[in-house]
Amino acid sequence: MSKVTGLQKNIGDRLRRLDASDITKIVLSIVLILFLAAVYHRSGAPDVPMDSVESALRKGTDLSSMQKCSNRQLMQFMGLDYSDYDSYIYYKSREALGVQEVLIVRVYRRDDLTAVEDAIDRRIADQTRTFEGYGPSQVAMLKNAIIYKRGNYIFYCVDKNPDRYEEVFRHAL
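As structure tokens, this is what we get:
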């Protein structure tokens, strides 16, 4: 008997000795591996230039009540240094009492997403404290803010309809 035939017979014998719990373990292991592969694949994002994302936002949403912010304003309002990140888009309400904002940051490494998310959380908390006593509509928008991470991108929006902005962002990627 050759080695291959003996190996095949050995494998065949082992397969015949499997009981229901062994088969269940194998099937669940395969399902878990496929699930993790799908989750990992979905968490990534293609490398889309920020100009393309901004163009999609301009076409698919109404940014007329907001103004594009500079590097200095990103630091002033969000506490983020633009040089720490690959690229960003930041629009903020033109009105002094407006809370509408859209921020998209592409980081160099996924580890950097935490710092951006922390800055966003601080911004929401600060704005909520500012408007809590006299701006119920602003506070409602802040409580409805969307923060979404995908790949090396983080998206943040405060608006009456933040879902529309998020949808456009998702399709842009």
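Mapping the sequence shown onto UniProt numbering, position 149 (from 1) lands on 149, and the numbers just tick up by one. The C-beta atom is built at its ideal place from N, Cα and C for all residues, glycine as well.
Asked	Found
Hey, quick one: how far does the alpha helix (DSSP H) through Lys-59 stretch, first residue to last?	50-60
Report yes if the CB atom of Leu-57 is closer than 8 angstroms to the CB atom of Tyr-156, and no otherwise.	no
Can you tell me whether Ala-20 is buried or exposed? The criterion is at least 16 other CB atoms within 10 Å of its CB, across all chains shown.	exposed
Tell me, please, which residues DSSP counts as bridged to Lys-143.	The partner list for Lys-143 (beta bridge, DSSP) is empty, contrary to what the question assumes.
Would you please state the rounded distance, in angstroms, between the beta carbons of Ala-96 and Ile-124? I believe it to be under 8 angstroms.	In fact, because the Cβ distance is near 18 angstroms, the residues do not count as touching under 8 angstroms.
On the DSSP letters alone, give me the boundaries of the alpha helix (DSSP H) that Leu-113 sits inside.	113-131
In whole angstroms, what is the alpha-carbon distance linking Arg-94 and Glu-101?	10 angstroms
Measuring only the C-alpha atoms, how far is Asn-152 from Arg-110?	5 angstroms
Out of Asp-22, Phe-131, Ile-104 and Gln-127, which one is the CA nearest neighbour of Glu-117?	Ile-104
Please name the residue or residues paired with Cys-157 in a DSSP beta bridge.	Val-102 and Ile-146
Could you say if the region 59-66 and the region 82-93 meet the contact criterion of at least three C-beta pairs nearer than 8 angstroms?	yes
Using the three-state DSSP reduction, which class does Ser-137 fall into: helix, strand or coil?	helix
Which residue comes first and which comes last in the alpha helix (DSSP H) that contains Tyr-165?	162-172
Please name the residue, chosen from Val-99, Thr-61, Val-31 and Ile-120, that lies closest to Asp-163 on a Cα-to-Cα basis.	Thr-61
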